[in-house]
Amino acid sequence: MQEPEADMSQSTMTKPASDDFVISPPPVAALPVEGTDAVFPINRVFCIGRNYAAHAVEMGHDPDKEPPFFFFKSPSNISTEETFPYPTKTSDVHHEIEMVVALKSGGTNIPVESALDHVYGYAVGLDMTRRDLQGEAKKLGRPWEVGKAFEKSAPCGPLVPADRIGHPTEGEVSLDVDGERRQSGDLNQMIWKVPEMISILSEYFELQPGDMIMSGTPSGVGPVEKGQTLTGKVAGVGEITVKVV
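Following this line, the structure appears as structure tokens:
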């Protein structure tokens with residue numbers, strides 16, 4: 001049975017007055033809502049790995065035998081800028097185009113049947129990856145954050161409310177580099193659909209308003225270089241264009 005939804009007005013932590021902080025608190029990470037002046041506050045960013053069979057295979061995994069794999073990005077990793085700074089300590093940065101899911105409410109043990117009731121909207125995002133550092137972490141059995149959760153590693157377009165576009169379940173997911181198609185897939189190729197992602201995540205974590213889920217990438221991931229322009233699209237949701245600098 002689903003537990004009560006999280007309430008944004010209450011917290012287990014006391015909220016101090018602004019003048020009680022010993023340093024200035026960081027700004028709240030947020031995404032703009034398309035067509036409005038409103039913004040969506042970002043609480044946490046869950047990332048789903050190996051969610052398209054072809055991509056799982058190209059990364060050396062068997063999608064039929066593995067449950068969904070989760071990792072985190074920091075909300076501050078989300079970027080709405082039109083440029084992507086090539087990060088340090090790497091020579092092999094890869095693009096991964098994804099549909100992003102934003103939650104307006106949360107809870108634990110959320111049933112698949114009602115999971116979409118918790119969705120505020122959708123966006124187009126990129127999970128930029130220091131593939132060489134991720135590969136080293138895999139070999140050593142270490143977490144992936146050094147390869148996945150660096151500054152501005154998740155460029156995102158504006159959120160589009162679900163009450164405007166519904167809940168996309170099919171449509172092309174693509175990424176072009178300087179006009180050349182690199183990645184192409186379809187939302188209907190996801191191994192774990194959006195309601196299942198939400199339900200499974202809620203078994204391990206108490207989901208909260210403001211949580212976002214990067215839903216995985218289709219096959220065709222590959223390296224980027226400074227000066228290249230990346231254009232990612234999710235049919236029915238929108239597109240994002242960033243230049244690597």
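Position 195, counted from 1, in the sequence shown is what the UniProt record's numbering calls 195; the numbers after and before it change by one each time, with no gaps. All C-beta atoms, glycine included, are put in the ideal place defined by N, C-alpha and C.
Under 8 Å between the Cβ atoms of residue i and residue j?
i, j, result
"residue 77", "residue 216", "no"
"residue 211", "residue 103", "yes"
"residue 149", "residue 73", "yes"
"residue 224", "residue 194", "no"
Taking all protein chains shown into account, decide if residue i is buried (16 or more other Cβ within 10 angstroms of its Cβ) or exposed.
i, result
"residue 140", "exposed"
"residue 153", "buried"
"residue 43", "buried"
"residue 181", "exposed"
"residue 131", "buried"
"residue 26", "exposed"
"residue 49", "buried"
"residue 257", "The chain is shown only over 1 to 245; residue 257 falls outside these bounds and no answer can be derived."
Keeping to the same chain, check which residues put their C-beta closer than 6 Å to that of residue i; ignore five residues upstream and five downstream.
i, result
"residue 235", "171 and 172"
Pull up the distance between the alpha-carbon of residue i and that of residue j, whole angstroms please.
i, j, result
"residue 31", "residue 91", "29 Å"
"residue 134", "residue 142", "9 Å"
"residue 46", "residue 214", "6 Å"
"residue 84", "residue 122", "21 Å"
"residue 232", "residue 119", "22 Å"
"residue 184", "residue 98", "11 Å"
"residue 87", "residue 22", "31 Å"
"residue 124", "residue 20", "38 Å"
"residue 222", "residue 175", "11 Å"
"residue 34", "residue 145", "30 Å"
"residue 147", "residue 71", "11 Å"
"residue 39", "residue 28", "10 Å"
"residue 209", "residue 115", "13 Å"
"residue 53", "residue 89", "30 Å"
"residue 179", "residue 24", "43 Å"
Quick one: what's got a C-beta closer than 7 Å to residue i's C-beta in the same chain, skipping five residues either side?
i, result
"residue 80", "31, 32 and 156"
"residue 202", "107, 108, 109 and 110"
"residue 13", "Confidence in residue 13 is poor, its pLDDT being 48 and thus under 50, which makes the residue's placement unreliable; the coordinate value appears in the next sentence. Within the same chain, residue 13 has no close Cβ partners at all."
"residue 227", "244"
"residue 188", "169 and 170"
Closest to residue i by CA distance: which of the options is it?
i, options, result
"residue 112", "243, 200 and 220", "200"
"residue 41", "163, 159 and 175", "159"
"residue 239", "93, 68, 39 and 100", "100"
"residue 69", "169, 237, 206 and 197", "197"
"residue 229", "95, 162 and 163", "95"
"residue 163", "237, 205, 219 and 190", "237"
Which same chain residues end up closer than 8 Å to residue i when comparing Cβ atoms and leaving out the 5 residues on each side of it in sequence?
i, result
"residue 82", "241, 242 and 243"
"residue 117", "105"
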